[in-house]
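Here's the structure, in structure tokens; my notes come after.
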Amino acid sequence: MNRTRTLALVLAAALPMLAVAQQPAFKNFREALNAADQAFRGKQPETALQHARAALTLAGEHSGDRAQALERIARAHTDLGQWTDLIAALKPEVMACTNFSLAHPSLRKGFASLARAAIKAGDPETFKGLDGALAREAVTDQTFALWRDVAMILAQEALDLRKTTVGKAAEHGIAGFREGSSTFGLWQQPLEVDGQILLDATRLAEAGQLLTRQMPQAGLSPKFQFLRDRALLDIQMLAGNEEGRAKAYAALEKQAFGFKPADQEGTNVLEQAFDALVAYHENRLNWIEAANAVKTRAARRPDTVGTRLPTMIGRAAGYYFRAGADTLHEAELARLAALPFSDEVFKGYMEMAGIINRQHNAIHNIPRLLKPLSDRRASLTPEQRHALAGWLLDAALRGRDVKAARENMAELVALDAAYHAGMAEEDRKSAEARERNEPYTRRNPPRTVLNNHQRNRYGTLLLEERALPEAIKAYEERVVYDSRNPDAYLGLAVARLLDGKDQEAREGLDVFVTNTALRAESRFAGRVLQEVVAARDPDDFRRRVMALRPLCDAEGGEGEKPEAAEARFFNWLRSASRQVFATEKVDYVLAMQACSESLKHPEIRLAYTARYLENAPSSAESWMRSGILADDTRAERRFGRYAMFASNNKASELAMLKSRPAPVLDDCEKGKEGGIIFAYDERGIHIYIQFNDPAAREIRDGLRGGASLELTVSPGDAYSYHQTFYNTTDATDHFAYEWDTAHVGYKLTADYVRNDCCQTDTATAGYTFMPWLMFHDKLPGHGSKWRVVLAAGWAGQFRSLGGGAVHELGRGLEVTFDMPPAIAARIRASVVRSAVGEYRRIRRQWENAGFWSDPHMGDEPFAEAVVKPFLKTLDEAAAVVEDTSKPLTQAQVDQFFKEMVPQWADFRLRLDALRADYLEARFFK
Amino acid sequence: MMRFERWAGMGVALLGAALLAHAGTDYPIPAAVQNDNRGEVEACRAGAYWSKAPFACCAVTPLAGVRRTPDRFPHDGKFTAPVRIVAAQGEYEPGSFQLFAFEDLPSVELKAGDLAGEGRARLPASAIDLKVVKIWYQMGTAWNGFHADHLRRLPTPELLLRNEKLIRVDHEKQENYLLCDYGGGVSRYRWISFTGAAVDHTYDGWIRNEWIHDADVLQPVALQKNAFKQFMVTVHVPETASPGVYRGEISASVGGSRVLGIPLEVRVLPFRLPRPATFRDLNREFYGSAFIGGLNISRAHKLARNLVAHNVLNPLLPQIPTDLAAREFFEMAQATGISTNPLLAILPGARLTTSFPLKETDRNYDKYLELQLRVSNTLSRIRTFAGDVQAYGYGIDEAGPDTVRAERATWQMFQQLGGKVMTTTRMHPYLLFNLDFALLPVQPSAGRKLQVDALHDANPDILVGWYADPHSGPENPAYARRIYGWNTWRNNYDLFCQYILFRDDWTEFWIAKESNLRGLMLCYPQDDDVIDTLAWEGVREALDDIRYATLLRQLSAKAMASESMDTVYLGRAATTWLAQVDYMRSDMDTLRYEMIRRCLDIQTRLAQEEK
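One line per chain: the protein sequences are F and L, in this order.
Position one of the first sequence corresponds to residue 132 (my numbering), numbered consecutively onward.
Position one of the second sequence corresponds to residue 147 (my numbering), numbered consecutively onward.
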């Protein structure tokens, strides 16, 4: 043994002692056990294990205490997946037990834990030992539960073994989203595809054999025979196959139909067996068979049904409803209605309602189905009226039927009043009897109490539906019976504020806000609502709210970190904001927002000046070679985490609190930086984007994709924006999104925007050119503002310029044009020339010269009357521009720009408009 | 600027001074812009029919791509011409006009009268629906996109209202308010332009459709001095209307006195429009579809009628789990005109994943058997009520290749039972062979047509549709018209099937479901119905464009069967034009008129031949 290994072993041996030495000293067993439970609640199984061990030490020889400590130890080991340790800790104690029926419940739990651990740890000897120990005892309620537990553990194991995890679905970019986060709903569950590993038949068979062979069968009472067979069905349900299930079901069914109970216990187990048969189908969502199981029982064993036939019919009606078998459902309903009315018939309807209500969105059927009961409401007993009104109120509340809710609430209130009056009367009689020293047997009235949740939901509905006087009344009652519930006070205040009863709202909160037994955050919201009333105006309100911060800080413990205190105040403000929002006081909500915003770092917004660049490079490579990106006066490099300022959820807002680190842009790793230049010349806009990437050579070699970028350019708030979406491997915009359609004022992105790309060993770059012709009717001048959004993925990061999101122009780069008048004039002159070119190009594409004159394709009268004169005008003007021997004067440029560019640049649409006018005139001639 | 704060006159009890029903504050227009616009309008006064009225009027293109805000002079406006509408028999067709007030007019009443045609022919006033185009604040991406841009609020024309006070707009603070009718005489405005911060990213402030009720007819409107306001005139031509030109007016009154008659002319065409057919095959119907959210269309007859009026006859349907539900659905369909073939998404979801072939040991085996039963029962119900029609079950949304493969046994089960399967999916070239309706993401384009054609080449019976990018949201009616109409049709899709008709309440600035997006709204919900929008009108015209194109192809087919070569050429020229015209860059009204012209020409020629 070498020295190192020796040292390691010594340390390993000492570790448990060190751990014990670090344990807090507990006064007694109970304290240690509580500490362990507390650690479990805090999801700290290691700490819990320490405390549980301490508890075991403190338990001494007391078997019950030892069992409880061991139960915690087992749980901790289970949470930590330490199966061998669990076995080592529990086995001696569990195996030493000689009477499980009388053992402490915790020890029996330990038995199950040990069985599971033995399976998990692959320790069949321990598992068999447990079975052997159990088999020595007679079957009792307690020992059967253990037999059942170990059998189910085996069955679960069989199931676990055949579960396979199909590889995580590949992420696919769809419609701008990742799979699983699209607007078409989420599909984030793991795939449930099995069948790749054959059923672990051995384990499953062993599970069954535990109950049919190893558990003593001799002299097994009918009760345990039923319980055994139900357990066998459960095992098959959990992990069996269809054949096994059918066999287990048939066995139980056969036993049930053949069994004649001799005593109450037998009657009970038979009832449970029949219930299990129905539940089998229910669990499989096979409603038809569930109904059939009910009906088969009623038909074959009417002796077990007796007066409960209406209940059976109601259940069958409910199951048929859920199966969508309306005809069968209606038939059962008719059977129920045909029976002489009785309490059992009433229960039949209730049974049906219960089953139907378990179906999502079926509640609206309840009033219709219970109408036979509603129609005879006057003759129902108070309990029946109470149950009926409860159902109908629930349906009304969920369906937001205020009228029906009012009616049924009135019924419930009356019944509640009758109950309390009856109880008071009985109290009085009882007291009088006591005074007379006479015995008195109370005859309590039917319990028809109005539930608090019914009151609460009713009040909420009335508030939402703005039935304010009633809502106020409901909440006033609620603060009496639900006086520890902040929602009651706040709801009352909100209702009063909505109803213009501001002072009442404020005064009504006085008791609430000072009751320190109630939640401080809610009381804070109450104070804020009081300030709504007290403040002179929203500004005053804002100051008053911020002055409430000490209330929040007082909740912090000693040594609380500043970020925790600030986050709490932020959360309290937001919570209070929801209350103010509910009062519909808009300016005050905005003031609340200002309060919470004041706790956050201000956003960083990027402003950029676009400057003229004579003969700007016109390819990605030429831009890269130019080195212009090194010019700090032109380059913008502040990329941030994508959507870092979006504040679309609470977490992202909390991350912006001033107590947290300030947001940083331009924090890319060295060698992975990005940069953009937005420049212009006479031809148009040039946008150069470069991303440094240490592995850029791999892009060039085709070993991986380049930077994927989405660039959006808006020529001003009043105009439609353009977007291009490409990868720097080939610069092709495969998405070709258009966010507007061709009309005077918008030219298609795909027709004009050109992209290019290139790579070096250390960088990948893209270049986008947008000709002025696209914007001929909205050319920028000096000081004009455009907006640019650039989001990109490169070098393993996804970032955006300024930390915005795609399309989010408001958080994009605000581009201000620095455009001297002389440059603007040169641009206009350039646009005049390119507009002529556009006109010529469209005419060539469109075969326009001859199209309208064609006797079949065109319309000769139109060609003569409209097209030719129009073309003549355009041609004559174009010829002046095209005559390079006579450069245009500035006056000519200005005139052409104003009068002819709109015609040339949008030639197709202008001629279309003439055509539409021509045809319209013809249609109305 | 003067504020318009007036009583709504709706007979509702308003609670508190803050709840006054009014259409909002004045739209802010710089004085220079007001003067410029006034000058341009005045230049048209001489000889205009409105020359003595307190406001000017101009006919404008109803579904143009320009945001007609109050400060924007309508360069396409015709200040001296009547409002003109050309429509087929039975067609809904919009016209539009803008008013420009010379003074603040708090209450102007507009009312259409009967239109007179030749002889005793009449188009009743009840066939003319007047609405005001409401401008409110939407996110910075409004008009174009559906992604969020929270920091900017842009005045955006969108809603078509009969009661403009349904929405109150505070232009100073850029806030929107919605008039909610809670029943029992209680109506209040609710603030709807709040952000997630106001409600701490919760669903507080959720608005129920039952609270929203637009008026049945156009209510008096307020006109702001030196500002434009747009109105829509939608004519629903009776199917029995005689062809010809009908003339009448929309009378305008101030204070009960008539101040102007706005001339309105409708040309009724001598034909009815067929159901649209696909571009690839004249014998296959083209469908308009969308998911309609959580509403049960079986009980929302007004919604169903609105869909039919907008040519969207094949929405994704609710399932019919019971016989009663089936009866309710098919009775609704019969009453409203909702199509019963195909029935999209009516079958239970086809989204079970299993091994293939199915094994008993599959975890979903039991669910598979239960699903099989439900599908079988649903198909049986469908056959009872509608006969042998195509019914579809919906697979897993936007699934990856592994998932698509794992649905195969389920899809096969549907198909063996006689059902069909649809799902949203990106293009998996080798995996969709057994799909009956592939709903592909992203707007149609020439590039995507290759995918569509490949799917059709493999299986001519497959339906191929598109959704998303854009989702519902962009208000631009021209965009909607082109993208759902010509652009979908010419790229060989069988339908468009947008993700959702309306999803996000009225709260544009706080989208609880996906806060990175705008509200996905093609139209807006109200009690059992929807409120129309410009984009929704664009959808109607998109499908009408395809119906006109279908008619033209049908007539052309007849012409090409003629013995007269001239007639054959007329047909060939028309189909050639349809196949070649640059549908992406041409003006859509012109395309429509050109289709009408060619239909009329061929119809006339065929009639002459018959004689």
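Idealized CB from N, CA, C, for every residue including glycine.
CB contact below 8 Å: residue i versus chain F
{"i": "Q749/L", "result": "no"}
{"i": "G394/L", "result": "no"}
{"i": "T226/L", "result": "no"}
{"i": "P467/L", "result": "yes"}
{"i": "M730/L", "result": "yes"}
{"i": "T424/L", "result": "no"}
Exposure of residue i, with buried meaning 16 or more beta-carbon neighbours within 10 Å
{"i": "M711/L", "result": "exposed"}
{"i": "Q634/F", "result": "exposed"}
{"i": "E553/L", "result": "buried"}
{"i": "S727/F", "result": "buried"}
{"i": "G802/F", "result": "exposed"}
{"i": "L1002/F", "result": "buried"}
{"i": "W917/F", "result": "buried"}
{"i": "V363/L", "result": "exposed"}
{"i": "Q320/F", "result": "Note that Q320/F has pLDDT 43, beneath the 50 cutoff, so the model's placement of it is unreliable and the number below is only indicative. Exposed: under 16 other Cβ atoms inside 10 Å."}
{"i": "E995/F", "result": "exposed"}
{"i": "Q370/L", "result": "buried"}
{"i": "Y630/L", "result": "buried"}
Nearest neighbour of residue i, chosen from the options [CA to CA]
{"i": "A862/F", "options": "A243/F, Q403/F, S750/F and F355/F", "result": "S750/F"}
{"i": "E288/F", "options": "G927/F, A248/F and L840/F", "result": "A248/F"}
{"i": "T380/L", "options": "Q536/L, W337/L, P240/L and L245/L", "result": "P240/L"}
{"i": "Q490/F", "options": "I366/F, R930/F, L416/F and A468/F", "result": "L416/F"}
{"i": "S729/F", "options": "A424/F, D457/F, N780/F and F700/F", "result": "F700/F"}
{"i": "H495/F", "options": "V476/F, E945/F, R529/F and D797/F", "result": "R529/F"}
{"i": "E745/F", "options": "I816/F, S790/F and P733/F", "result": "I816/F"}
{"i": "A777/F", "options": "T679/L, F655/L and L680/L", "result": "F655/L"}
{"i": "P600/F", "options": "K354/F, A624/F and C683/F", "result": "A624/F"}
Unbroken beta strand (DSSP E) run spanning residue i, endpoints
{"i": "S839/F", "result": "S839 to S845"}
{"i": "G539/L", "result": "A537 to Y540"}
{"i": "S708/F", "result": "Looking at the DSSP string, S708/F is not in any beta strand (DSSP E); the run it does join, the alpha helix (DSSP H), is P693 to A713."}
{"i": "T591/F", "result": "No beta strand (DSSP E) contains T591/F, which is instead part of the alpha helix (DSSP H) from N583 to E595."}
{"i": "A491/L", "result": "L489 to L493"}
{"i": "Y743/F", "result": "A738 to Y743"}
CB of residue i within 8 Å of CB of residue j, strictly
{"i": "Q854/F", "j": "E841/F", "result": "yes"}
{"i": "L592/F", "j": "L628/F", "result": "no"}
{"i": "P590/L", "j": "G291/L", "result": "no"}
{"i": "D882/F", "j": "Y898/F", "result": "no"}
{"i": "I366/F", "j": "A266/F", "result": "no"}
{"i": "Q1021/F", "j": "A956/F", "result": "yes"}
Start-to-end residues for the alpha helix (DSSP H) that takes in residue i
{"i": "T427/F", "result": "W418 to R431"}
{"i": "C683/F", "result": "R680 to D684"}
Chain L contact for residue i (CB, 8 Å cutoff)
{"i": "T872/F", "result": "yes"}
{"i": "E939/F", "result": "yes"}
{"i": "N539/F", "result": "no"}
Just by C-beta distance, which residues in the stretch 343-361 of chain L are closer than 8 Å to chain A? Checking the listed chains, one finds no chain A in this structure; the protein chains it contains are F and L.
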